[in-house]
Ligand code: FYU
Ligand code: NI
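Numbering (our numbering), first residue to last: 196 to 548.
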């Protein structure tokens with residue numbers, strides 16, 4: 196991060212800059228409290244980030260740190276439950292995309308032509324997740340632990356309220372993108388008002404260092420790009436997230452306290468006729484922090500927790516190239532056919548489970 200005397204009024208600094216991958220740290224505050232020209236400047240910097248690296252760090256995003264702390268604490272208590280309790284809440288289908296996913300069940304990535312089954316056997320993702328969707332969808336209930344005990348009831352309340360906060364932030368970021376793409380500020384509102392989003396809690400358990408040494412292709416989460424409009428990623432302090440640079444290397448996206456890592460998904464890239472980038476990323480073992488030699492001497496890498504809020508347009512919305520991203524005047528053709536957001540998501544989920 197650079198520190199400069201104009202930081203107070205300037206909404207952008209650089210969080211990551213390596214191998215031609217530049218990820219800015221953007222202060223969202225002036226989007227809400229600034230002058231119209233401040234608001235426009237923030238919108239432009241957010242849009243520019245999505246068009247170049249596909250990633251940004253966002254601060255002053257409106258979700259209080261105390262809320263995030265509660266979500267992480269509740270998530271950790273959930274994953275600490277006996278395996279049989281978690282298995283009783285298991286994920287059933289891509290259509291639902293709700294419930295508990297045990298270690299090894301989802302295998303992200305792989306190079307496209309690779310046989311998923313083979314890779315799943317040799318190097319499954321070392322993570323377990325809990326997927327939470329919108330409430331009240333006929334036939335697709337969330338798998339809440341509320342019937343187990345009071346802690347389970349509290350988990351449900353905390354996650355339901357967080358789900359609503361993610362909805363709001365999704366709407367605000369899409370408003371910024373709309374302004375940054377010369378569309379009316381509320382262009383996207385009607386496309387995303389159903390809250391067909393997916394809140395994913397992740398737990399990467401402690402791993403023996405030898406596991407990574409013995410199998411160089413072992414990762415905590417395989418290389419992939421996200422599926423929807425945008426993803427809001429809350430990370431703990433351990434690190435391990437890496438983003439693919441234009442040079443093809445993987446660059447650490449080091450955690451910055453009280454920020455959210457926001458990245459564009461494949462459906463937004465498609466919607467924007469590829470003017471917005473959906474960049475590949477993965478999670479590996481955490482880097483050893485400078486000055487923490489003792490941690491490096493231990494036999495295991497510590498656990499990592501993160502929370503990914505995958506934002507999605509309404510399932511029934513047809514997604515076709517946005518105005519201004521194609522046409523004779525700019526000599527660009529539409530690259531993709533129209534598809535509903537729901538159909539697109541189910542296709543993607545079917546490929547990884
Ligand atoms: N699950 N959306 C994603 C994803 C997993 O983008 C989702 O619902 C990517 O890992
Ligand atoms: Ni991802």
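Beta carbons: idealized from backbone N, C-alpha and C, even for Gly.
Assign residue 292 to one of three DSSP states: helix, strand, or coil.
Coil at residue 292, not helix or strand.
Given 8 Å, three or more beta-carbon pairs between the stretch 445–458 and the stretch 397–413:
With the rule of 3 Cβ pairs closer than 8 Å, the stretch 445–458 does not count as touching the stretch 397–413.
Quick one: residues in its chain with C-beta nearer than 6 Å to the C-beta of residue 372, no 5 flanking neighbours on either side, listed in chain order?
Here the set comprises 242.
Please report the straight-line C-alpha distance between residue 330 and residue 513, rounded to a whole angstrom.
Spanning the alpha carbons of residue 330 and residue 513 requires a straight line of approximately 22 Å.
Integer Cβ distance of residue 293 from residue 328, believed to fall under 8 Å
With a contact defined as Cβ atoms closer than 8 Å, residue 293 and residue 328 qualify at about 5 Å.
Residue 393 CB to nearest heavy atom of the ligand FYU below 6 Å:
Under cutoff, so the answer is yes.
Applying the 10 Å Cβ sphere with the 16-neighbour rule, what's the burial state of residue 240?
Per the 10 Å Cβ criterion, buried.
Residues sharing a beta bridge with residue 325, DSSP
Looking at the DSSP assignment, residue 325 forms a beta bridge with 295, 396.
Minimum C-alpha distance to residue 235 - residue among 504, 432, 533, 375
The candidate whose alpha carbon is nearest that of residue 235 is 375.
Report the three-state DSSP secondary structure of residue 459 (helix, strand or coil).
Strand.
Considering only heavy atoms of the ligand COA, does any lie closer than 6 Å to the CB of residue 421?
Among the ligands in the structure shown, the ligand COA does not appear; only the ligand FYU and the ligand NI can be found there.
Where residue 382 sits in the DSSP three-state scheme:
Under the three-state reduction of DSSP, residue 382 is assigned to coil, being neither helix nor strand.
Who pairs with residue 218 in a beta bridge, going by DSSP?
As a beta-bridge residue in DSSP terms, residue 218 pairs with 211.
Among 339, 210, 445, which has the Cα closest to the Cα of residue 284?
Nearest C-alpha to residue 284 among 339, 210, 445: 339.
In angstroms with no decimal places, state the Cα-to-Cα distance between residue 533 and residue 413.
Taking the straight line joining both Cα atoms gives about 36 Å.
What's the call for residue 539, buried or exposed, on a 16-neighbour Cβ count within 10 Å?
Here residue 539 is buried. Its C-beta has 16 or more other C-beta atoms within 10 Å.
For the stretch 221–269, list the alpha helix (DSSP H) runs that are entirely contained and at least 4 residues long, ordered along the chain.
Complete alpha helix (DSSP H) runs here, min 4: 224–228, 231–247.
So, for residue 201: in the same chain, excluding its five sequence neighbours on each side, which residues have a beta-carbon less than 8 Å away from its beta-carbon?
Caution applies to residue 201, whose pLDDT of 44 falls short of 50 and renders its modelled position unreliable; the model cannot decide the point.
Output the distance between the C-alpha atoms of residue 476 and residue 347, rounded to the nearest integer angstrom.
Looking at the two C-alpha atoms, the distance is approximately 32 Å.
Nearest-angstrom Cα distance between residue 369 and residue 287?
In a straight line, the C-alpha of residue 369 is about 31 Å away from that of residue 287.
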